[in-house]
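Participant: Residue numbers (our numbering), protein chains in the order written: chain A, 837 to 1367; chain B, 74 to 382.
Built from N, CA and C at the ideal position, the CB exists for glycine as well.
The model shown is predicted, which means the values in this text are computed figures rather than measured ones.
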Amino acid sequence: MNARIPPSSDDAKGNTRPARLRVSGVSKQYPGCLANDDVSLDVRAGEILALLGENGAGKSTLIKVIYGLVAPDSGMIEIDGKARAITSPAAARAAGIGVVFQHFSLFESLTVAENIALGLDDAARRRDLPRRIRDIGERYGLVIDPDRVVADLSVGEQQRVEIVRVLLQDPSILIFDEPTSVLTPQAILGLFETLNQLRREGRAVIFISHKLEEIRTLCDRATVLRGGRVVGTVPVAGASVNDLARMMIGQEMPALGAGSAGQGGPVQLAAHNLSLEPANPHGTALDRLEMRARGGEILGIAGIAGNGQEELLAALSGERLTRTAGAVTLAGQAVGRLGPGARRKLGLGFVPGERLGRGAVPPMSLAENGFLTAHWRVPLTWRWVISTRKRNAFADRVIDEFRVATRSQSTAAQALSGGNLQRFIVGREILSDPRALVVAYPTWGVDVAAVAAIHAALVALRDKGAAVVVMSEDLDELLSLSDCVAVLYRGQLSAPIPRDQCTRENLGLLMSGAAPLDTARTPAQGDVDAA
Amino acid sequence: MIDSALMIAILVSAMRTATPLILAALGELVVEKAGCVNLGVEGMMLVGAVTGFAVGLTTGNFALAFMVGALAGAGFSLIYGVLVLVFQVNQYAAGLALTILGGGASAFWGQTWQGRNMRGLQPVELPVLSELPVIGVMFTRLDVVVYMALAATVIVGLILTRTRVGLILRAVGENHDSAHALGFSVVKVRFAAIAFGGAFAGMGGAYLSCVMTPLWIEGMTAGRGWIAVALVVFATWKPARLVLGAWLFGLVSVMQIHGQGLGLAVPSHVLAMLPYLVTILVLVLISRDATRIRLNAPGCLGKPFRPTA
């Protein structure tokens, strides 16, 4: 894993050779936001440079500038010491730059080979593509069938397609934008092998992440961004996790997760023999799923995206009704045939994954958004008429107690940053005093301070006796927050595993299907995913 | 027992009725594969019909008439293109505007030719096929555009699935943000697709006014543009099914006319509704399979493209 190549002799003699890629003085002003402010960095051949920063620190903008997707207001890009004008992605690829984006730019209805052919400008490289895809796959441990349709691939496999697509251009500079955020622990190890192989071949790699442990295992140097500026560039070998965290967020790392264990009470939210067809053709059907969330406990649901998460959330929230009422129960009452409003009235809170468009109506004010979900349980009306005073007071309470940074309750939801809007949405659900709260991806794209605040709020709700169900793709988050973790795989949910028996390794095996799932009722299927 | 002469007559009429639909729907299919819904097909057909008729009548040259009809349709469709791609107007509203504008403009331009008729494009005799027993006679009664429309379907199908141009077009329709990130010009691809759609709708219109009923009457498309739009969905964005759908519409249209001639005890208005009714019914039956529709439907259909830069 840690097979580092020794620094080249040029470096030892004071770095006489120009860096493979040097970015200097890049600034980019967006309306109301200086995304990059005089940013400079360099990466050498045979090196992995970490680009570290919180969400909104300007990492993505910088990558878009380097890849020619965004024109900077000022700044220069040099490759091997020569200034290059990179005005389009095609120019960037011609200059030897390849990017594996965080959000895949794959076309779901096309095959792997078709997707890859689209990214190749050079007709000669497109010839004999399936064989070349297999060759690259063998060389870098990225096995993939060129004829499969992308929609049928797992997220990890889709990432392999992205990487193969980039590698087929034989780039000398590779940029990976948060590549580990969607992978299982085992898949992360595989990715690291690939990255080490790239380093051994003398390519320059930029690895973007906010996970400090990963950077410590993999990278040679780290350039830290905060608020659009470079805070500093340090060798990783000498820096501790705390040093890096302090540079990244400008303060000590706040405590995340739950400090104490919960007291398990009666079951508040349960699914029994829950089967549900997927709503879209690429979804996964729920297959006689069993789930029990006790009051006073946080139940974490782990799993790789596309194993039935969407369907389970829809069945729990009431967005989709189950065939029998008893498939979902809330405090012992069968609610499977009740819609979301009726369930909220009975004490179910729900924080969906998409904040804008599902968790909140983007152009409506915070007060209106607060009213929409809270009025089922909090008296905010006078007869049938909305009481503006009560509605605003409720929103003000949420803003106050959950320290939402906003001008007032009349600000539109879409004007808030991700972290602030999430604080508001979680706060609004908690102040509705739910018996059970289902939270999907609570800290996705949220800054560390807000993560700490949201975790603390969920723990406080748990301690009041409510059942909290947290669905997340971030295993670290689940392991620090949950009292027990259940794994969702191919539409089935494992029996809850107490936190002290969970490790990243055993959860990873269950998530990838490499270990059989121990569900409460059905014998687990022995089929093993190719991942 | 229907005698073979009648059967051939019905088939020939059905093929001819289907041809303008195939042309217009094939154009719309390409537009939708690129991610745009152009509801202006009816308007573009009318513009193609009136210009095609004008040129056909004055020059007697049908190749020129079809070319001008196609150019007029393409030029007219660019109004939609500019509205949708440059000013990011809602696609449905822009398409409806195009239909209304096309109806008005063609009526205005066509005043000179209103009610005049000409000798339309004549059928050709296909060398080998026309010697077949029984059905051979069919291949002496069809005009060259019928065959060209079928050839165009095959060619468009091959381009979409087998060539890089087609792959880029599908990619743009499937996920315009990804296509943009890869460095393809979403706007240029869509402009080209829209112009192609306009040209084919224009040719469909020209077929109506130069071949099927060689005269110009205001509003002579009579909703065929809408059927073309519906056919694209009915065919789940597949060219071969589109042809089958158009033939079905053509066949029912012709049979209901014969039904009226035979004096069936059904009001003629009800019979006249049949082709539309049958097409809609089949459409609904097919659309029940939501999974298939979603698998084939372009992912970004009808969504506005705003480059993030």
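#1: Taking Val256 of chain B as the query, report the chain A residues whose CB atoms sit under 7 Å from its CB, ordered along the chain.
#2: Starting from the C-beta of Met191 of chain B, find all residues in its chain whose C-beta is less than 6 Å away, skip the five residues before and the five after it, and write them out in chain order.
#3: Are the CB atoms of Val157 of chain B and Ala167 of chain B within a distance shorter than 7 Å?
#4: Over what stretch of residues does the beta strand (DSSP E) that includes Thr172 of chain B continue unbroken?
#5: What does Gly133 of chain B touch in chain A if you count any residue whose Cβ is under 9 Å from its own?
#6: How would you label Met211 of chain B, buried or exposed, when you count the other beta carbons within 10 angstroms and need 16 or more for buried?
#7: For Cys869 of chain A, count neighbouring C-beta atoms within 10 Å of its own C-beta (all shown protein chains included) and say buried if the count is 16 or more, exposed if not.
#8: Ignoring anything shorter than 3 residues or poking outside the stretch 1217–1242 of chain A, list the beta strand (DSSP E) runs there in chain order.
#9: Identify the contact partners of Gly372 of chain B in chain A, using a Cβ-Cβ distance below 8 Å as the criterion.
#10: Who are the neighbours of Ala953 of chain A on chain B, taking C-beta pairs under 9 Å?
#11: Please confirm whether any heavy atom of the ligand NAP lies closer than 6 Å to the CB of Leu1202 of chain A.
#12: Under 7 Å, Cβ to Cβ, is there at least one residue of chain B near Glu950 of chain A?
#13: Under DSSP, the beta strand (DSSP E) around Tyr1325 of chain A begins and ends at which residues?
#14: What residues in its chain sit with their C-beta under 7 Å from that of Gly280 of chain B, if we drop five residues either side in the sequence?
#15: Taking the CB atoms as reference points, tell me whether Arg1391 of chain A and Ala1161 of chain A lie closer together than 7 Å.
#16: Name, please, each residue of chain B whose Cβ falls closer than 8 Å to the Cβ of Phe937 of chain A.
#17: If you run the structure through DSSP and keep just helix, strand and coil, what is Pro966 of chain A?
#18: Leaving aside the five residues before and after Gly1095 of chain A along the sequence, list all residues of the same chain whose C-beta is less than 8 Å from its C-beta, in chain order.
#19: Based on the DSSP secondary-structure assignment, which residues constitute the bridge partners of Ile71 of chain B?
#20: Considering only the alpha carbon of each residue, which of A:Asn951, A:Ala930, A:Gly977 lies closest to Pro1007 of chain A?
#21: Secondary structure at His249 of chain B, three-state DSSP: helix, strand or coil?
#22: On the three-state DSSP scale, how would you describe His1291 of chain A?
#23: Residues in its own chain within less than 6 Å of Leu1152 of chain A by CB, not counting five upstream and five downstream?
#24: Let me know the alpha helix (DSSP H) ranges lying completely inside the stretch 897–931 of chain A, each 4 residues or longer, listed in chain order.
#25: Per the contact definition of three or more C-beta pairs closer than 8 Å, is the stretch 1083–1101 of chain A in contact with the stretch 903–911 of chain A?
#26: Where does Gly1177 of chain A land, buried or exposed, given buried means 16+ other C-beta within 10 angstroms?
#27: The alpha helix (DSSP H) that contains Phe1207 of chain A, what's its start and end?
#28: Can you find a C-beta in chain A that's less than 7 Å from the C-beta of Glu419 of chain B?
#29: Which word fits Thr1053 of chain A, buried or exposed, when buried means at least 16 other C-beta atoms lie within 10 angstroms of its C-beta?
#30: Can you list, in chain order, the residues of its chain whose CB lies under 8 Å from that of Glu890 of chain A, leaving out five sequence neighbours each side?
#31: Please name the residue in B:Gln329, B:Phe378, B:Thr172, B:Met118 whose C-alpha comes closest to that of Leu347 of chain B.
#32: Give the residues of chain A in contact with Asn163 of chain B, contact being defined as C-beta atoms less than 9 Å apart.
#33: Three-state secondary structure (DSSP) at Ile228 of chain B?
#34: If we define contact as Cβ-Cβ less than 7 Å, is Glu105 of chain B a contact residue for chain A?
#35: Closer than 9 Å, Cβ to any Cβ of chain B: which residues of the stretch 898–916 of chain A, in chain order?
#36: Can at least three beta-carbon pairs, one atom from the stretch 162–180 of chain B and one from the stretch 284–303 of chain B, be found at a separation below 8 Å?
Facilitator: For this structure:
#1: It should be noted that the sequence gives Gly, not Val, for residue 256 of chain B. Ser924, Pro925, Ala926, listed in chain order.
#2: Hits under 6 Å: Leu130, Pro287.
#3: Contact: yes.
#4: For Thr172 of chain B, there is no enclosing beta strand (DSSP E); the residue is found in the alpha helix (DSSP H) stretching over 164–182.
#5: Within chain A, no residue has its beta carbon less than 9 Å from that of Gly133 of chain B; the closest one is some 45 Å off.
#6: buried
#7: It counts as exposed.
#8: Positions of the beta strand (DSSP E) runs, each at least 3 residues long and wholly inside the stretch 1217–1242 of chain A, cannot be given because no such run exists.
#9: Phe943, Glu944, Ser945
#10: Arg237, Leu240
#11: Among the ligands in the structure shown, none appear at all, so the ligand NAP cannot be discussed.
#12: So yes, Glu950 of chain A belongs to the interface.
#13: Tyr1325 of chain A -> beta strand (DSSP E) spans 1320–1325.
#14: In the sequence as presented, Gly is not what sits at residue 280 of chain B; that position holds Tyr. Excluding residues within five positions, the ones whose Cβ falls inside 7 Å are Thr92, Pro93, Leu96, Val218.
#15: With chain A covering 837 to 1367 only, the question about residue 1391 of chain A has no answer from this structure.
#16: Ala254
#17: helix
#18: Val1295
#19: Given a span of 74 to 382 for chain B in the structure shown, any question on residue 71 of chain B remains unanswerable.
#20: Closest by alpha carbon: A:Ala930.
#21: Helix, per DSSP.
#22: helix
#23: Val1274
#24: Runs of the alpha helix (DSSP H) spanning 4 or more residues and lying entirely within the stretch 897–931 of chain A occur at 925–930, in chain order.
#25: no
#26: exposed
#27: First-last of the alpha helix (DSSP H) with Phe1207 of chain A: 1202–1210.
#28: This structure gives no information on residue 419 of chain B, because the portion of chain B shown stretches from 74 to 382.
#29: exposed
#30: His1046, Arg1062, Met1084, Ile1085, Asp1283, Val1284
#31: B:Gln329
#32: Listed along chain A, no residue sits closer than 9 Å to Asn163 of chain B by beta-carbon distance, the nearest being about 17 Å off.
#33: helix
#34: no
#35: Lys900, Tyr903, Gly904, Leu905, Val906, Ala907
#36: Yes, they touch.
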